[in-house]
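I have placed the structure first, in the form of structure tokens, so that the comments after it can refer back to it.
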Amino acid sequence: MDDASPIVPAPLPASNGSGEARATALLAAVDPRLAGNGAGEPPGDLAALLAACRDVVEDPAFPTVQRWRADGGKVVGHFQVYFPEEIVHAAGLLPVKIRGAQVEPRSADSRFGSYLCSILKTSLEVALSGQIALDMFVTHPICDAARNLAGVWGRNFDYPCQILYLPQNANSRHAAAYLRHEYDRLRREIEAVAGRAVTDDDLRRSIGVFNTNRRLIRRLYEIRRTAPWKLAVDEAYVLVTVGGLIQREEHNDLLVRAIAAIEARPDAPQDRVRVVFEGGFCEQPPLDLLRVMAQSCYVVDDDLMIGLRFIVEDVPPEGDPLFNLAEAYLERSTYSPVQHDLRKPKERMLLERLHGAGATAAILTAAKMCEPGLEDQVAYAHALDDLGIPYFVSEFEQNMSSFEHLEIQLETFVERLLFAA
């Protein structure tokens with residue numbers, strides 16, 4: 508389906524009393540500002556919708572997940588970056604992105620060694636403190652630290668803790684068949700948690716829901732690229748990120764209403780530098796840091812929460828759904844520092860992202876202690892240097908709270924570009 512076609516979200520799935528998807532609108536249940544009026548109109552105004560999404564995204568108690576469990580639903584948590592959430596959704600369970608939180612890892616610190624990124628520790632902290640309860644946890648060997656996360660998690664909880672082995676060699680002719688086998692193994696593990704079989708038709712229905720979701724997110728980013736004054740980076744972030752905390756049918760409905768309200772915003776372009784943000788593929792920067800950036804420049808594209816939009820085209824609904832998902836991960840996807848594919852040189856793809864967004868500069872950042880992010884930051888810098896494209900280099904930590912020094916540096920960088928023009 509073309510991205511310009513009308514997008515009609517599927518209705519919320521009905522409950523069958525077996526711990527599967529509930530018809531409850533989770534966001535409306537935890538925040539009345541998101542209830543809407545039942546006629547497809549935005550709930551109140553766009554500002555209220557954004558504020559409600561922001562509250563849910565920043566709440567380390569995961570209120571939507573708590574509501575889902577209170578209604579008898581089961582939850583599968585998965586670590587960053589990419590995860591085939593369609594398989595969990597097809598089982599009637601709630602897939603939740605485990606992305607850490609702005610909390611101090613008081614209990615989790617003793618479970619890890621030194622010099623590790625914050626997201627590992629804060630993710631475990633919210634589970635140890637009881638702020639989020641899962642029925643299954645899945646991680647990936649995307650780096651040395653994440654590779655051991657299932658073992659650490661499994662020693663502290665009695666529910667299944669699995670590793671999904673995404674292909675290390677994406678260029679192998681056997682990669683798609685291998686990944687299809689991994690997805691089938693994951694399906695069987697999820698079936699055991701759900702207490703029911705996941706059929707191919709179940710998967711096809713879920714693929715349809717997620718295809719709609721990715722089209723809506725692509726439309727949101729198209730607004731960012733063509734009219735960035737209508738949607739700031741921090742606003743887009745909460746609208747996308749909340750999707751990892753609720754049913755996708757509900758997220759689709761929310762995005763349809765939000766996009767209509769965003770497109771109705773008046774045109775008010777300002778003389779600002781257009782930049783691309785690179786470095787938010789796994790650990791996420793604090794929302795306040797994104798607000799600082801939004802005040803200084805137009806962030807017209809980024810890799811924030813890239814796993815929710817890693818697949819950039821519709822997954823075919825016909826045929827073998829698991830193979831189609833595997834093929835999409837390899838052939839219909841964007842890039843990240845944790846997927847190694849010789850057909851997708853990251854430097855070239857960053858330049859394509861800059862060109863496609865009409866950006867004249869880049870913000871290259873990485874989470875502290877993130878080896879994949881810091882390694883690619885060097886390659887990105889060399890590619891930008893070769894073409895004379897200006898860039899700003901920084902690092903962040905999920906639970907950082909002071910941004911004054913970074914704000915001054917960024918404003919200086921932006922002013923230099925404006926006056927040079």
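Sequential numbering from 508 applies to the sequence shown in our numbering. Cβ atoms here follow ideal geometry from the backbone N, Cα and C, with glycine treated the same way.
Collapsed DSSP secondary structure at R781 in the structure displayed
strand
Could you tell me the boundaries of the alpha helix (DSSP H) in which T629 lies?
625-635
Starting from the Cα of N667, find the closest Cα among T706, V900, G584, L738 and give me that residue.
Position check: residue 667 holds Pro in this sequence, whereas Asn was assumed. Among T706, V900, G584, L738, the Cα nearest to that of P667 belongs to G584.
Specify, as a first and last residue, the run of the beta strand (DSSP E) that H647 falls within.
Segment: none, H647 is in no beta strand (DSSP E) and carries neither H nor E.
Pick helix, strand or coil for Q587, following the three-state DSSP scheme.
coil
Inside the stretch 714-770 only - alpha helix (DSSP H) runs reaching at least 4 residues:
740-748, 755-770
Relative to the C-alpha of R816, which residue among R839, V763, P828 is closest?
R839
Minimum C-alpha distance to A927 - residue among E878, E911, M907, V780
V780
Nearest-angstrom Cα separation, counted from P648 out to A684
19 Å
Suppose contacts are defined by Cβ-Cβ distances below 8 Å. Is V783 in contact with F910 by that definition?
no
Identify, in the order they occur along the chain, each residue of the same chain with its Cβ nearer than 7 Å to the Cβ of Y728, setting aside the five sequence neighbours on each side.
D808
If you draw a straight line from the C-alpha of R654 to the C-alpha of Y622, how long is it?
15 Å
Check this for me: beta carbons of S636 and S614, under 8 Å apart or not?
yes
Taking Cβ positions, are A743 and R731 nearer each other than 8 Å?
yes
For A536 and A577, what's the separation of their Cα atoms in angstroms?
11 Å
What's the gap between the Cα of Y805 and the Cα of D741?
11 Å
Might you give, ordered along the chain, the residues of its own chain that have their beta carbon closer than 7 Å to the beta carbon of A801, omitting 5 neighbours on each side?
A739, V740, D741
What separation, rounded to the nearest whole angstrom, lies between the Cα atoms of I605 and V564?
12 Å
If you count every other CB in all the chains shown that lies within 10 Å of the CB of D883, and 16 or more means buried, which is it?
buried
Near A873, what residues of its chain come up, given a Cβ to Cβ distance below 6 Å and the 5 sequence neighbours on each side ignored?
G786, G880, L881, Q884, E902
What is the DSSP secondary structure of T919, counted as helix, strand or coil?
helix
Just the C-alpha distance for E770 and W660, rounded to the nearest angstrom, thanks.
43 Å
State yes or no: is the C-beta of I766 within less than 8 Å of the C-beta of V747?
no
Please state the DSSP three-state secondary structure of Y898.
strand
For a test of the three-state rule: what should DSSP assign to T706, helix, strand or coil?
coil
Note down the Cα distance separating L557 from V745, rounded to an integer number of angstroms.
7 Å
Which residue from P773, P570, D651 puts its Cα closest to that of V749?
P570
Helix, strand or coil for L601 per DSSP?
strand
I need the DSSP call for A528, collapsed to helix, strand or coil.
Below a pLDDT of 50, predicted positions are generally treated as unreliable, and A528, at 43, falls in that range; no measurement from the model is reported.
For L656, collect the residues of the same chain with a Cβ closer than 7 Å to its Cβ; drop the 5 residues on either side in sequence, then sort them by chain order.
F586, L627, T646
Please report the straight-line C-alpha distance between E592 and V921, rounded to a whole angstrom.
39 Å
Length-filtered (4 minimum) alpha helix (DSSP H) runs lying within the stretch 796-880:
828-838, 853-864
Whole-angstrom Cβ separation of G814 and F590, contact assumed at under 8 Å?
6 Å
Is C668 a contact residue of the ligand GDP, with contact defined as CB to any heavy atom under 7 Å?
Here there are no bound small molecules, and the ligand GDP is not part of this structure.
List the residues that DSSP assigns as beta-bridge partners of C929.
Outside the shown range of the chain, which is 508 to 928, sits residue 929, and nothing can be said about it.
T719 beta carbon less than 8 Å from that of N759
yes
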